[in-house]
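Report on the structure given below.
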Amino acid sequence: MIEFHQVSKVFAGKEAIRNLSLKIEKGSFTVLIGTSGSGKSTTLKMINRLVEHDSGEIRFAGEPIERMDARALRRRIGYAIQSIGLFPHWNVAKNIGTVPSLLGWPQAKINQRVDELLALLNLDRHLATRMPHQLSGGQQQRVGVARALAADPELLLMDEPFGALDPVNRLALQHEMLRIQKMSGRTVVLVTHDIDEALTLADQLVLMDGGEIVQQGRPIDLLTQPVNDFAREFFGRSELGVRLLALGRAGNAARRGEWLDVEPIAESLTLREALSQFIARRTDKLPVIDQHQQPLGVLHFSDLLRQREAS
Amino acid sequence: MSSLLLRPRQQPVLLVLIVLITLALFALPLLSFAANRLVSGQPLPLWQVTNSALLLLPLVWLWQGLWWPPRRISAVTLLLAAEVLLALLIWLAGAQASELANNGSPLARTAFGSGLWCAAALTLLLAAEAVRQITRSTPWRIVLNLQIWLLPLALLLSGHLDRLSLMKEYANRTAVFDAAFTQHLWLLGGTLLPTVLIGLPLGLAIARRPRWQNAAFSVLNLIQTVPSVALFGLLIAPLAGLVAHFPLLARWGISGIGIAPALIALVLYALLPLVRSVVAGLQQVPQEVRETARAMGMSAWQQFWHAELPLALPVWLSGLRVVVVQTVGLAVVAALIGAGGFGAIVFQGLLSSALDLVLLGVIPVVALAVIFDALLRLLSALLERRHD
Chain A
9 MIEFHQVSKV FAGKEAIRNL SLKIEKGSFT VLIGTSGSGK STTLKMINRL VEHDSGEIRF
69 AGEPIERMDA RALRRRIGYA IQSIGLFPHW NVAKNIGTVP SLLGWPQAKI NQRVDELLAL
129 LNLDRHLATR MPHQLSGGQQ QRVGVARALA ADPELLLMDE PFGALDPVNR LALQHEMLRI
189 QKMSGRTVVL VTHDIDEALT LADQLVLMDG GEIVQQGRPI DLLTQPVNDF AREFFGRSEL
249 GVRLLALGRA GNAARRGEWL DVEPIAESLT LREALSQFIA RRTDKLPVID QHQQPLGVLH
309 FSDLLRQREA S
Chain B
410 MSSLLLRPRQ QPVLLVLIVL ITLALFALPL LSFAANRLVS GQPLPLWQVT NSALLLLPLV
470 WLWQGLWWPP RRISAVTLLL AAEVLLALLI WLAGAQASEL ANNGSPLART AFGSGLWCAA
530 ALTLLLAAEA VRQITRSTPW RIVLNLQIWL LPLALLLSGH LDRLSLMKEY ANRTAVFDAA
590 FTQHLWLLGG TLLPTVLIGL PLGLAIARRP RWQNAAFSVL NLIQTVPSVA LFGLLIAPLA
650 GLVAHFPLLA RWGISGIGIA PALIALVLYA LLPLVRSVVA GLQQVPQEVR ETARAMGMSA
710 WQQFWHAELP LALPVWLSGL RVVVVQTVGL AVVAALIGAG GFGAIVFQGL LSSALDLVLL
770 GVIPVVALAV IFDALLRLLS ALLERRHD
């Protein structure tokens, strides 16, 4: 979908991006992670040409982006940022319909699309006529995501989209994003500095530092086989264990054919959350149910130790 | 007892205003009376004015209002009392003037005294405070503040005030007054159009160029520091020189004195507040709104039209309001170089020590400024409301 080939970018004489090569597969959820100033946001903004690269080549769907019309390119790419950037003088429906109306869709089709998106993001239909400042932070961010998805873009770029939210809303929206991405098979590139968010969302994780890629691959690879001390330090030695657990799901680890008659946990729970349940409930066995509330099996405390390659 | 004292303490502004209104009415002369235009007036205190006992009604009403519970209906009642008081003051003045004119010489002059001016001004402040308590909506506040003038205006138009000395001055100079009014509006319009035509593009051009901004604002600030009388005077010589070299200019009606230098000076003064507001309006558009507008594939023009203009417009309007009020006032001084307008009446009054004539020039200037200010406020409040 997107290929960076030896891309560099200089800001005021300083190299912000150095010789970056990266391939983002169609349908993947790629997360760029790094400290501030690592170049992750710049990398993201080069994709829709909010920042123009100086050398090297960036291809979008096989075509070099500098040869494409910038506005046409941007209308094929959804964009959501931390501060959301909703237009304060437009109501929710008009905000969501921005790109479709730029593309000249008929109003009826725009209205229908707005309704679809409100439903998709779990927003009440009556919010459509509200102004952005009348919404809560979580609702605003949902509208921001809905707006980014409005014209059904091939690619969605997100720059720390959940950074300003409280933990509860952040978690809810992360799961929402995963659901939407799995459902639509859309390619998503997301920038964050939150390691747990990155591990939750990514199927491809790119660790950046000083304008360069330190390591890229599956989250489990970055956790278990860090290429250098920076990568090892970044993912945190002390938290490594629980972060590894966060990559596994209770449903995959449960022993089939067993059952226990106590309160069950959902198969979608991460093993990290399961660990928390074991400790809180002072037990070493937990029954697991599937998404249809049917018994799936039993998770034993010792299973947590075997789940290194689970994701 | 303590509950009786509670309310006035909660409403210190109202308490102070009502005390001051009462003092002004009783301690200062309500009207002033002179046998003719030239001699100085004799003070006419409240108790010598016919029917002045009527004032007790709204006054007691106001005092009592201090103890009403803090509800909207109390504020509405206060506003009504203030309006009745204002209208009654003006009506009493008109009635007294008619009576004195009928009984004495037709040359007799009755004018507002210091007590009436002070009480009227304080009553307006009181009314504004009541309006503030009645509603939080800016458009409604403006409308309520404007409707206070309906009763006084009706008195004026009914001819009830014709025997007051101010109205006698008007009657003597109707043609001059009407010409000054037209000329003043021309000065205003003639200033606004070039100011917007120059100021808007200038502001747009320098809004994102800090270095140009410094240069432009240094020049505009410098102009602003020149006293208006001096600037009007400074323009006489260069313009006269230009006309001497290019006689064509004279045929267009341009000369060293008159409306040309006045308009140039007024435009120069008006540019700073307008350009400042254009720049400030654009700068307060959130950076992330700009970024997302661009990221969604808007052209530069679409970014301006859909995002920047609607968000900057309220600030621009408030800048325009400053310009209008400032120009209406400064245009008075322009009369010194022969530009006409109400300033001509003011200066004529000053030179002949005729206070009523000065007032005849000043009151419409104040009224114009207040009306334009209110209308532009109303417009920007309505614009803002669309965003809520």
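Chains as they are written, first to last, in this note's numbering: chain A, 9 to 319; chain B, 410 to 797. Glycine included, each C-beta is placed from N, C-alpha and C at the ideal position.
Exercise for review: Along the beta strand (DSSP E) that carries residue 85 of chain A, what are the first and last residues, could you check?
Suggested key: 85-89
Check your understanding: Using 8 angstroms as the Cβ pair cut-off and three pairs as the minimum, do the segment 142-150 of chain A and the segment 743-756 of chain B touch?
Key -> no
Exercise for review: Put residue 733 of chain B into one of helix, strand or coil per three-state DSSP.
Suggested key: helix
Point to revise | DSSP state of residue 147 of chain A mapped onto helix, strand, coil | key: helix
Practice item. Report yes if the C-beta distance between residue 52 of chain A and residue 202 of chain A is below 8 angstroms; otherwise report no. Key: no
Review point. Where does residue 794 of chain B land, buried or exposed, given buried means 16+ other C-beta within 10 angstroms?
Key: exposed
Check your understanding: Which first and last residues belong to the alpha helix (DSSP H) in which residue 54 of chain A is found?
Key -> 48-55
Point to revise | Within chain A, the residues that residue 724 of chain B reaches when beta carbons sit closer than 9 angstroms | key: By Cβ distance, chain A contributes nothing, its closest Cβ being about 13 angstroms from residue 724 of chain B, past 9 angstroms.
Check your understanding: Whose Cβ in chain B lies nearer than 9 angstroms to the Cβ of residue 150 of chain A?
Key -> Under the 9 angstroms cutoff, chain B gives no residues; its nearest Cβ is about 15 angstroms from residue 150 of chain A.
Exercise for review: Under 8 angstroms by Cβ, that's how I've got residue 773 of chain B and residue 732 of chain B pegged, so tell me the actual separation to the nearest angstrom.
Suggested key: With a Cβ gap of about 19 angstroms, residue 773 of chain B and residue 732 of chain B do not count as contacting.
Check your understanding: By a C-beta neighbour count over all protein chains shown, 10 Å radius and 16 as the cutoff for buried, is residue 183 of chain A buried or exposed?
Key -> exposed
Check your understanding: Can you list the residues of chain B that residue 56 of chain A reaches, using a CB-CB cut of under 7 angstroms?
Key -> 704
**Study point:** contact_flag[the segment 551-563 of chain B, the segment 525-542 of chain B] where n(CB pairs < 8 angstroms) is 3 or more
**Key:** yes
Point to revise | Neighbour list for residue 691 of chain B in chain A, Cβ cutoff strictly below 8 angstroms | key: In chain order: nothing, as chain A lies at least about 15 angstroms away.
Review point. Is residue 27 of chain A helix, strand or coil by DSSP?
Key: strand
Check your understanding: What does residue 719 of chain B reach in chain A if we use C-beta pairs closer than 7 angstroms?
Key -> 97
Check your understanding: Would the beta-carbon of residue 748 of chain B fall within 8 angstroms of that of residue 596 of chain B?
Key -> yes
Review point. Between the beta-carbon of residue 728 of chain B and the beta-carbon of residue 685 of chain B, is there less than 8 angstroms?
Key: yes
Review point. Taking 8 angstroms as the CB-CB limit, is residue 701 of chain B close to chain A?
Key: yes
Review point. Looking at the structure shown, is residue 441 of chain B part of a helix, part of a strand, or coil, going by DSSP?
Key: strand
Review point. What distance in whole Å lies between the Cβ atoms of residue 615 of chain B and residue 622 of chain B, which are believed to be in contact at a cut-off of 8 angstroms?
Key: 5 angstroms
Exercise for review: Would you decide whether residue 280 of chain A is buried or exposed? Buried here means 16 or more other CB atoms lie within 10 Å of its CB.
Suggested key: buried
Check your understanding: Do you know whose CA, among A:57, A:91 and A:88, lies nearest residue 75 of chain A's CA?
Key -> A:57
Review point. Under the three-state reduction of DSSP, which class applies to residue 410 of chain B: helix, strand or coil?
Key: With a pLDDT of 44 at residue 410 of chain B, under the threshold of 50, the modelled position of that residue is not reliable, and no figure is offered here.
Review point. When the Cα atoms are used, what is the spatial distance from residue 282 of chain A to residue 308 of chain A?
Key: 10 angstroms
Review point. Which word fits residue 593 of chain B, buried or exposed, when buried means at least 16 other C-beta atoms lie within 10 angstroms of its C-beta?
Key: buried
Exercise for review: Please confirm whether residue 224 of chain A and residue 231 of chain A have their CB atoms less than 8 angstroms apart.
Suggested key: no
Practice item. Per DSSP, which residues does residue 293 of chain A bridge with? Please list them. Key: A:308
Check your understanding: Going by beta carbon distance, what residues of the same chain come within less than 7 angstroms of residue 9 of chain A, once the five residues before and after it are set aside?
Key -> 32, 33, 34, 69, 163 and 195
Exercise for review: Have a look at residue 55 of chain A and residue 637 of chain B and give me their C-alpha separation to the nearest angstrom.
Suggested key: 56 angstroms
Review point. Are the beta-carbon atoms belonging to residue 673 of chain B and residue 644 of chain B less than 8 angstroms from one another?
Key: yes
Check your understanding: Are the C-beta of residue 410 of chain B and some C-beta of chain A separated by less than 8 angstroms?
Key -> Bear in mind that the predicted position of residue 410 of chain B carries a pLDDT of just 44, short of 50, making it too unreliable to give a figure here.
Practice item. List the residues that DSSP assigns as beta-bridge partners of residue 19 of chain A. Key: A:22
Review point. Quick one: which chain B residues come within Cβ less than 9 angstroms of residue 82 of chain A?
Key: 703, 704, 705, 706 and 707
Practice item. For residue 532 of chain B, name the three-state secondary structure that DSSP assigns. Key: helix
Check your understanding: Quick one: does residue 716 of chain B have its CB under 8 angstroms from some CB of chain A?
Key -> yes
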